[in-house]
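Student: Pasting in a structure now, in structure tokens, and then I'll have a few things to ask.
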Amino acid sequence: MPDCRIAGLPDHVHNAARIRYPMVRVDWLRKRHLSDTSQRGDNRFVRVSWDEALDMFYEELERVQKTHGPSALLTASGWQSTGMFHNASGMLAKAIALHGNSVGTGGDYSTGAAQVILPRVVGSMEVYEQQTSWPLVLQNSKTIMLWGSDLLKNQQANWWCPDHDVYEYYEQLKAKVAAGEIEVISIDPVVTSTHEYLGREHVKHIAVNPQTDVPLQLALAYTLYSENLYDKNFLANYCVGFEQFLPYLLGEKDGQPKDAAWAEKLTGIDAETIRGLARQMAANRTQIIAGWCVQRMQHGEQWAWMIVVLAAMLGQIGLPGGGFGFGWHYNGAGTPGRKGVILSGFSGSTSIPPVHDNSDYKGYSSTIPIARFIDAILEPGKVINWNGKSVKLPPLKMCIFAGTNPFHRHQQINRII
Numbered sequence: 001m002p003d004c005r006i007a008g009l010p011d012h013v014h015n016a017a018r019i020r021y022p023m024v025r026v027d028w029l030r031k032r033h034l035s036d037t038s039q040r041g042d043n044r045f046v047r048v049s050w051d052e053a054l055d056m057f058y059e060e061l062e063r064v065q066k067t068h069g070p071s072a073l074l075t076a077s078g079w080q081s082t083g084m085f086h087n088a089s090g091m092l093a094k095a096i097a098l099h100g101n102s103v104g105t106g107g108d109y110s111t112g113a114a115q116v117i118l119p120r121v122v123g124s125m126e127v128y129e130q131q132t133s134w135p136l137v138l139q140n141s142k143t144i145m146l147w148g149s150d151l152l153k154n155q156q157a158n159w160w161c162p163d164h165d166v167y168e169y170y171e172q173l174k175a176k177v178a179a180g181e182i183e184v185i186s187i188d189p190v191v192t193s194t195h196e197y198l199g200r201e202h203v204k205h206i207a208v209n210p211q212t213d214v215p216l217q218l219a220l221a222y223t224l225y226s227e228n229l230y231d232k233n234f235l236a237n238y239c240v241g242f243e244q245f246l247p248y249l250l251g252e253k254d255g256q257p258k259d260a261a262w263a264e265k266l267t268g269i270d271a272e273t274i275r276g277l278a279r280q281m282a283a284n285r286t287q288i289i290a291g292w293c294v295q296r297m298q299h300g301e302q303w304a305w306m307i308v309v310l311a312a313m314l315g316q317i318g319l320p321g322g323g324f325g326f327g328w329h330y331n332g333a334g335t336p337g338r339k340g341v342i343l344s345g346f347s348g349s350t351s352i353p354p355v356h357d358n359s360d361y362k363g364y365s366s367t368i369p370i371a372r373f374i375d376a377i378l379e380p381g382k383v384i385n386w387n388g389k390s391v392k393l394p395p396l397k398m399c400i401f402a403g404t405n406p407f408h409r410h411q412q413i414n415r416i417i
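Numbering (UniProt numbering), first residue to last: 1 to 417.
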């Protein structure tokens, strides 16, 4: 099922809005780094030749590296121009590494919270791991819970080149849902493309209020525990920490049991609906398919953690068609693996000595979380906590982005402006 937007790709080349040539802000062209930065955003740009643009870029790269060192130079990349060779991240990394060191970025916008918490919970990042194959799910699952995951839409674009093989399994899922063999529950504030595809009349929609997913998860856990629907043996044999979790769940710590009545006021979901959902999850084989969008909210790591807690309480982790997964909407996940050789691509590393072999970051961190680069620009020297470590934000003077648009994916866009 190729994306219908493919038909619009020729317009990327011929559209009048396309920037076809290198453009430079007028005052920067005249004064370089001494230009009036208050004029940024007024659209006074002029065209220059490719040779001029490359010379200007290299001159500024040289100036920043020589004057301020690697702590003043940030490099970052994104999804645009994906593939094994014309890969923005690899190209940028190799090009800048040949010149000298720079501040790198860690984490990403897609899974930043989940990829920090999940290794501490399940031992791996999980968000980019291989998922259970769809044949196993279709054969064994009775309930599929889509929690903030829109498979149909998101599989149309992949990190490599999408082959759309996974869509044949979506067709099989649709048939099983229509026949009543599998029930799909979509926990999402909106009706997703996947929900629409499987049929509104067939999918149970839990339209949770935005950013109240964790209260809903806690209420599900409370119901599983209070109604003795959880797997005690699984928790005892394969998990640690449940005893530390219970006092909070039961309200012994703060006087508020996290029951369905409590969650109803926050989530907008009727208490009995919540209880019924928990009972259904425990009654048969349930596959929890979690997306990435929910973990982008504040304290989003708690949602990812609670997905694992629920799956553990059900005791179905490791069983075919049960447990949880965070990457079903990505890179053809669930398609049975192949044994073919994967061709190598354009490596981002190099063994060639750089032009400037300077590794003095002057006490600043050499890697910062990508979602905090604006903080480095606005508050250089600030110390933040990231992934259990202290990071001292460097005083950035030059940011090089390739294959990405920070204005598109960064939070709090007004801070960028």
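For every residue, glycine included, the Cβ atom is placed at its ideal position computed from N, Cα and C.
Contact between the segment 169 to 186 and the segment 132 to 143 is defined here as three or more beta-carbon pairs at a separation below 8 Å; is this criterion met?
Tutor: yes
Student: Would the beta-carbon of G334 fall within 7 Å of that of Q131?
Tutor: Between G334 and Q131, the C-beta gap is smaller than 7 Å, which places the two residues in contact.
Student: For the putative contact between Y364 and S71, defined by C-beta atoms under 8 Å, what is the C-beta separation to the nearest angstrom?
Tutor: 4 Å
Student: Report the start-end ranges of each alpha helix (DSSP H) in the segment 211 to 297 that is 4 residues or longer and not cut off at the edges.
Tutor: 213 to 226, 232 to 238, 242 to 249, 260 to 267, 271 to 283
Student: Whole beta strand (DSSP E) runs in the segment 131 to 166 with 3 or more residues, listed along the chain?
Tutor: 143 to 147
Student: What separation, rounded to the nearest whole angstrom, lies between the Cα atoms of P189 and E379?
Tutor: 35 Å
Student: If we ignore side chains and look at the alpha-carbon of each, how far apart do G107 and A371 end up?
Tutor: Going by the C-alpha atoms only, they are around 8 Å apart.
Student: Taking 8 Å as the threshold, find out whether the segment 255 to 263 comes into contact with the segment 114 to 131 through three or more Cβ pairs.
Tutor: no
Student: What residues in its chain sit with their C-beta under 7 Å from that of A376, if we drop five residues either side in the sequence?
Tutor: I368, L393, P394, L396
Student: Would you call K176 buried or exposed, if buried means 16 or more other Cβ atoms sit within 10 Å of its Cβ?
Tutor: buried
Student: How big is the Cα-Cα spacing for R5 and N158?
Tutor: Looking at the two C-alpha atoms, the distance is approximately 14 Å.
Student: Check each candidate in F245, E264, G69, V46 and name the one with the smallest Cα separation from N358.
Tutor: G69
Student: Where does the unbroken alpha helix (DSSP H) through W28 begin, and where does it stop?
Tutor: 26 to 31
Student: Going by DSSP in three states, E183 sits in which element: helix, strand or coil?
Tutor: strand
Student: Take Y21 and list the residues in its own chain whose beta-carbon comes closer than 7 Å to its own, dropping the five residues that flank it on each side.
Tutor: R47
Student: Exposed or buried, which one is R285 when buried takes at least 16 other CB atoms within 10 Å?
Tutor: buried
Student: Do A114 and A304 have their C-beta atoms within less than 7 Å of each other?
Tutor: yes
Student: Are the CB atoms of I288 and F234 within a distance shorter than 7 Å?
Tutor: no
Student: Give a yes or no on whether the C-beta atoms belonging to I413 and E301 are separated by under 7 Å.
Tutor: In this structure, E301 does not lie closer than 7 Å to I413 by Cβ.
Student: Please state whether DSSP places K362 in a helix, a strand or coil.
Tutor: coil
Student: Let me know if N15 comes out buried or exposed under the rule of 16 or more other beta-carbons within 10 Å of its beta-carbon.
Tutor: exposed
Student: Using the three-state DSSP reduction, which class does S349 fall into: helix, strand or coil?
Tutor: coil
Student: Do you know offhand how far H410's Cα is from F373's?
Tutor: 10 Å
Student: Please state if the CB of T194 and the CB of D150 are separated by a distance shorter than 7 Å.
Tutor: yes
Student: Starting from the C-beta of E272, find all residues in its chain whose C-beta is less than 8 Å away, skip the five residues before and the five after it, and write them out in chain order.
Tutor: Taking C-beta separations shorter than 8 Å and ignoring five residues to either side along the sequence, the partners of E272 in its chain run A260, following chain order.
Student: Return the first residue and the last residue of the beta strand (DSSP E) that A7 is part of.
Tutor: It is not in any beta strand (DSSP E) - A7 carries neither H nor E in the DSSP assignment.
Student: Establish whether the CB of I206 and some CB of chain D are separated by less than 7 Å.
Tutor: Absent here is chain D; the protein component of the structure consists of one chain.
Student: Could you give the C-beta distance for L220 and A283, rounded to a whole number, given that I count them as a contact under 8 Å?
Tutor: Wrong, their Cβ atoms sit about 13 Å apart, outside the cutoff.
Student: From P210 to S49, what does the alpha carbon distance come to, in whole angstroms?
Tutor: 48 Å
Student: Based on the DSSP secondary-structure assignment, which residues constitute the bridge partners of V383?
Tutor: K392
Student: Please state the DSSP three-state secondary structure of T111.
Tutor: coil
Student: With T105 as the anchor, note down where its beta strand (DSSP E) starts and where it stops.
Tutor: Unbroken beta strand (DSSP E) run through T105: 104 to 106.
Student: To which residues of the same chain is S349 closer than 8 Å at the C-beta, ignoring the five residues directly before and after it?
Tutor: A93, K94, A97
Student: As a quick exercise: from V391, N87, V121, H329, pick the residue whose alpha carbon is nearest that of residue 420.
Tutor: Outside the modelled stretch of the chain, which goes from 1 to 417, sits residue 420, for which no answer is possible.
Student: Tell me the rounded alpha-carbon separation between G104 and E168.
Tutor: 39 Å
Student: Can you give me the C-alpha to C-alpha distance between G268 and T37, rounded to a whole angstrom?
Tutor: Answer to the nearest angstrom: the Cα atoms are 47 Å apart.
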